[in-house]
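All residue numbers for the sequence shown refer to my numbering, where the first residue is 7 and numbers rise by one.
Virtual Cβ for every residue (Gly too), placed ideally from N, Cα, C.
A quick note: this is a predicted structure, and the numbers were derived from the prediction, not measured.
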Amino acid sequence: MDERLRQSLLYDFYGELLNDHQKAVFSAAVFDDMSYSELAEEFDCSRQAAFDLIRRINKKLEGYEAKLGLLERFSKAKDKMQELSSAVTEMQESVSASDIDVKIKEQLMNGLQDISSKSADIFDEF
Numbered sequence: 007m008d009e010r011l012r013q014s015l016l017y018d019f020y021g022e023l024l025n026d027h028q029k030a031v032f033s034a035a036v037f038d039d040m041s042y043s044e045l046a047e048e049f050d051c052s053r054q055a056a057f058d059l060i061r062r063i064n065k066k067l068e069g070y071e072a073k074l075g076l077l078e079r080f081s082k083a084k085d086k087m088q089e090l091s092s093a094v095t096e097m098q099e100s101v102s103a104s105d106i107d108v109k110i111k112e113q114l115m116n117g118l119q120d121i122s123s124k125s126a127d128i129f130d131e132f
């Protein structure tokens with residue numbers, strides 16, 4: 007996973023556990039793509055202080071992930087949802103190509119669509 011994407015996801019999961027100053031600095035660094043020089047100017051500190059703060063925040067967010075594992079669970083759930091979606095698509099293609107009764111085929115297709123829709127809803131709530 008790309009480092010910037012990982013930082014963004016960790017912030018999404020654990021950002022509320024940071025204080026307001028940490029949130030502001032990290033958000034500016036990750037989401038606004040500010041350099042250490044720009045952060046130093048914006049938050050009235052040295053480049054080294056900005057670098058150290060970002061490093062400490064990253065370490066803190068990684069520590070939360072090591073203890074709670076929300077990002078890992080999210081990632082695994084996402085992978086399983088993609089597998090489920092692929093399986094449903096394959097089943098829909100098999101049903102479409104089969105020679106079964108039209109009414110049964112329609113019921114199967116509706117059931118598969120319902121499974122796909124509900125699983126997507128569950129993932130969206132995650």
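Straight-line spacing of the CA atoms in Leu-59 and Asp-127 works out to 38 Å. CA-CA distance, Asp-26 to Ser-91, rounds to 39 Å. Rounded to whole angstroms, the Cβ separation of Met-97 and Leu-118 is 5 Å, and the two are in contact under 8 Å. In this structure, DSSP gives Leu-24 a state outside helix and strand, which the three-state scheme calls coil. Remark: C-beta atoms of Tyr-42 and Ala-55 do not approach each other more closely than 7 Å.
Contact between Met-87 and Phe-129 holds, with the beta-carbon distance rounding to 5 Å and staying under 8 Å.
Spanning the alpha carbons of Gln-13 and Asp-105 requires a straight line of approximately 50 Å. In the three-state scheme derived from DSSP, where H, G and I count as helix and E and B as strand, Ser-100 is classed as helix.
Counted as a single uninterrupted DSSP element, the alpha helix (DSSP H) harbouring Phe-129 occupies residues 108-131. Cβ contact annotation for Ile-110 (same chain, cutoff 6 Å, sequence separation greater than five): none. When the Cα atoms are used, Val-31 and Val-94 turn out to be separated by approximately 43 Å. In the DSSP annotation of this structure, Gly-75 is not part of any alpha helix (DSSP H), being labelled neither H nor E. Between the alpha carbons of Gln-28 and Lys-66 lies a gap of roughly 11 Å.
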